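Report on the following structure.
There are 2 protein chains.
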Amino acid sequence: MTLSMYQAAIPPLMHSLSNLIGILQKGAAYAEAKKIEPEVLLSSRLFPDMFPLTRQIQITSDVARRGIARLADTEAPSIKDNESTFGELIARLQVTIKYLNDFQPEQIDGSETKSISLPVGQETLTFDGQSFLLYFILPNVYFHVTTAYDILRHCGVELGKRDYLGEPKG
Amino acid sequence: MTLSMYQAAIPPLMHSLSNLIGILQKGAAYAEAKKIEPEVLLSSRLFPDMFPLTRQIQITSDVARRGIARLADTEAPSIKDNESTFGELIARLQVTIKYLNDFQPEQIDGSETKSISLPVGQETLTFDGQSFLLYFILPNVYFHVTTAYDILRHCGVELGKRDYLGEPKG
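These protein sequence lines are chains A and B, in that order.
Take the working numbering: the final residue in the first sequence is number 176, and no numbers are missing along the way.
Take the working numbering: the final residue in the second sequence is number 176, and no numbers are missing along the way.
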């Protein structure tokens with residue numbers, strides 16, 4: 007079987023979001039063990055004008071949900087950015103995984119040449135579907151998952167590459 | 007045209023390595039402007055037992071080079087891990103980009119079901135080619151590029167998401 011848009015998008019995104027849940031669970035356990043208020047970790051950031059952990063998770067969810075919706079010519083339900091606990095952020099990721107899981111291959115396959123316009127700040131980026139997946143959705147999701155990992159590592163949470171990559175699939 | 011293994015692998019990796027060169031150039035310029043020894047940035051890390059910036063770049067190059075070589079059933083030339091300046095790290099990435107660029111689509115396409123064994127620490131991971139690309143090479147490269155970005159951001163270098171994503175391709 008040759009690679010398809012669905013295969014390149016949906017299972018890897020679900021896998022990465024699932025790994026991110028595990029990373030957050032280790033963060034929550036660390037806060038509890040060290041008697042640190044979870045809010046301290048959730049509001050941690052690597053530099054004053056970078057987004058804190060909570061926002062990294064919200065954006066991960068948004069890029070995955072909205073990105074895939076665009077490939078499938080539908081609109082992702084919005085989610086209020088009001089999470090204030092590890093549990094609520096994990097629940098958001100679970101909702102996101104379920105949303106992704108509900109797509110059928112035929113909704114995503116064949117979207118390689120679909121024209122996609124994306125408002126980003128003041129400008130509008132245009133992609134074809136394949137470029138949108140390969141140069142926007144995937145690197146963007148991995149960016150925010152990695153930065154969430156980096157923030158928690160920087161706070162002392164014991165995480166390793168395997169937490170990020172997850173159990174090997176294949 | 008439907009998505010191919012070559013299209014999902016080579017151009018996105020070259021694009022990301024090229025973006026990483028731009029990120030390092032901003033790091034080098036920052037060191038010069040602030041009169042910081044470049045070595046201070048190159049040896050920066052987010053936690054004592056994480057790899058410093060230099061090692062993040064070396065690993066990015068290794069995962070991309072060796073990963074693609076395995077998909078193509080060849081062996082990547084090794085590169086000595088002896089870089090000590092921004093310029094040398096950028097040169098390593100340039101060599102890596104050239105190496106990737108020399109692959110022809112027919113060397114990568116059709117590798118979806120190729121069996122790949124990867125020694126990682128004490129264990130051997132096994133993948134098929136498609137899983138190796140989607141669950142190992144791509145997330146791994148994006149992990150180290152993002153962590154390099156995060157280290158420099160944490161050191162105060164002014165970088166934005168566009169430096170990481172690069173000019174949109176589409």
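Positions of the beta carbon are idealized from the N, C-alpha and C atoms, including for glycine.
These numbers come from a predicted model, not from an experiment.
Proximity of residue 136(A) to chain B, defined by a Cβ-Cβ separation below 8 Å, is satisfied. Among the bridge pairs identified by DSSP, residue 131(B) is matched with 124(B).
Judged by beta-carbon spacing, residue 51(B) lies beyond the 8 Å limit of residue 52(A), meaning their Cβ atoms are not closer than that value. Straight-line spacing of the CA atoms in residue 24(A) and residue 13(A) works out to 16 Å.
Counting only Cβ-Cβ distances below 8 Å, residue 57(B) has no contacts in chain A at all, with the closest Cβ about 10 Å away. Its chain contains no residue whose beta carbon lies nearer than 8 Å to that of residue 8(B) once the 5 sequence neighbours on both sides are disregarded. In the structure shown, the three-state DSSP call for residue 80(A) is coil. Cβ contact annotation for residue 31(B) (same chain, cutoff 8 Å, sequence separation greater than five): 92 and 96, in chain order. Nearest in C-alpha terms to residue 56(A), of all of 153(A), 174(A), 45(A) and 164(A), is 153(A). With fewer than 16 neighbouring CB atoms inside 10 Å of its own CB, residue 110(A) falls in the exposed class.
Listed along chain A is no residue with a C-beta nearer than 7 Å to that of residue 125(B); the closest approach is about 13 Å. For residue 159(A), the residues of chain B that pass the 7 Å Cβ criterion are 52, 53 and 56, in the order they occur in the chain.
Counting of Cβ neighbours within 10 angstroms places residue 118(B) among the buried residues, the total reaching 16 or more.
Beta-carbon to beta-carbon, residue 157(B) and residue 26(B) are separated by about 12 Å, too far to satisfy the 8 Å threshold. Its chain contains 33, 37, 59, 158 and 161 as the residues whose beta carbon lies nearer than 7 Å to that of residue 47(A), once the 5 sequence neighbours on both sides are disregarded; these appear in chain order.
Bounds of the alpha helix (DSSP H) holding residue 27(A) are 11-40.
Contacts between residue 10(A) and chain B, judged by CB atoms closer than 9 Å, involve 8 and 9 in chain order. Proximity to residue 101(B) across 90(B), 83(B) and 112(B) peaks at 83(B), based on C-alpha coordinates. The beta carbon of residue 90(B) sits closer than 8 Å to those of 45, 48 and 60, all from its chain and outside the five residues before and after it, given in chain order.
If you draw a straight line from the Cα of residue 64(A) to the Cα of residue 22(A), it comes to about 14 Å. For residue 20(B), the closest alpha carbon among the candidates 112(B), 104(B), 122(B) and 155(B) is that of 104(B).
Nearest to residue 172(B) by C-alpha distance, out of 140(A), 66(A) and 165(A), is 140(A). Neighbours of residue 66(A) in chain B, taken as residues whose beta carbon is under 8 Å from its own, are absent, since the nearest beta carbon is some 12 Å off.
With respect to chain B, the C-beta atom of residue 162(A) has a partner C-beta closer than 8 Å.
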